[in-house]
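Undergrad:
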Ligand code: ADP
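Residue numbers (the numbering used here): 26 to 189.
1) For residue 92, write down the residues that DSSP places opposite it in a beta bridge.
2) Any heavy atom of ligand 1 inside 7 Å of the beta-carbon of residue 116?
3) Taking the Cβ atom as the reference point for each residue, do residue 177 and residue 83 lie within a distance shorter than 8 Å?
4) Since residue 117 and residue 42 should fall inside the 8 Å C-beta cutoff, what is the C-beta to C-beta distance between them, to a whole number of angstroms?
5) Do residue 115 and residue 30 have their C-beta atoms within less than 8 Å of each other?
6) Per DSSP, what kind of secondary structure is residue 34 in: helix, strand or coil?
7) So what does DSSP say about residue 184, is it helix, strand or coil?
8) Which two residues bound the contiguous beta strand (DSSP E) that contains residue 116?
9) So for residue 124, helix, strand or coil by DSSP?
10) Could you check the C-alpha separation between residue 130 and residue 62 for me, to the nearest Å?
11) Express the C-alpha separation of residue 98 and residue 60 in angstroms, rounding to a whole number.
12) DSSP three-state call for residue 146: helix, strand or coil?
13) Would you say the beta carbon of residue 80 comes nearer than 7 Å to a heavy atom of ligand 1?
14) Assuming the contact rule is C-beta atoms closer than 8 Å, residue 70 and residue 161 should be a hit. Round their C-beta distance to whole Å, please.
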């Protein structure tokens with residue numbers, strides 16, 4: 026049986042915490058679908074096409090675990106999971122900040138579909154504080170984000186903030 030997992034998010038843009046999670050999650054499943062939310066309420070800085078391109082670039086070199094597929098989706102994560110044949114939703118959990126929301130969301134999803142489990146991977150302590158929102162803020166204010174994102178993402182962030 027092929028184990029398929031979906032890792033959903035906005036990925037605006039992807040950072041080292043996300044990449045660490047993808048690396049670890051890809052050891053748990055045969056195919057890992059990175060679900061890129063189209064209609065995220067977060068007003069993304071990068072367009073869907075840009076977010077997808079960045080994800081593909083940054084995960085292209087991951088060869089030791091699952092097959093990695095980047096899949097944009099609109100609507101419910103549960104529907105996207107069914108669409109790609111995933112029975113596991115993978116999420117990252119940073120300290121206490123994510124818990125309340127994730128707890129509620131998972132409880133609701135459980136009611137909607139008992140066949141799909143949500144599995145949480147704790148953020149690596151080195152990446153606990155990383156959040157796309159703060160990385161964008163630092164880049165916008167002219168700070169150096171080299172410690173938080175790969176070189177290619179840093180370049181795109183600098184491009185984005187200097188051409189806006
Ligand atoms: P969302 O719009 O779902 O919050 P994000 O792109 O912010 O999307 O995050 C996608 C997933 O990655 C979520 O499960 C989130 O908890 C997880 N994540 C975010 N930051 C980190 C981090 N620093 N370490 C590990 N996981 C993280």
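C-beta atoms are modelled at their ideal positions from N, C-alpha and C, and glycine is treated no differently. As the structure is a prediction and not an experimental result, all values here were calculated from the model.
TA: To lay it out plainly:
1) 56
2) yes
3) yes
4) Right, the Cβ-Cβ distance comes to about 7 Å (below 8 Å), so this counts as a contact.
5) Yes, the Cβ-Cβ distance between residue 115 and residue 30 is below 8 Å.
6) strand
7) Three-state result, residue 184: helix.
8) 113-118
9) helix
10) 16 Å
11) Going from the Cα of residue 60 to the Cα of residue 98 covers about 6 Å.
12) In this structure, residue 146 counts as strand in the three-state DSSP scheme.
13) no
14) 5 Å
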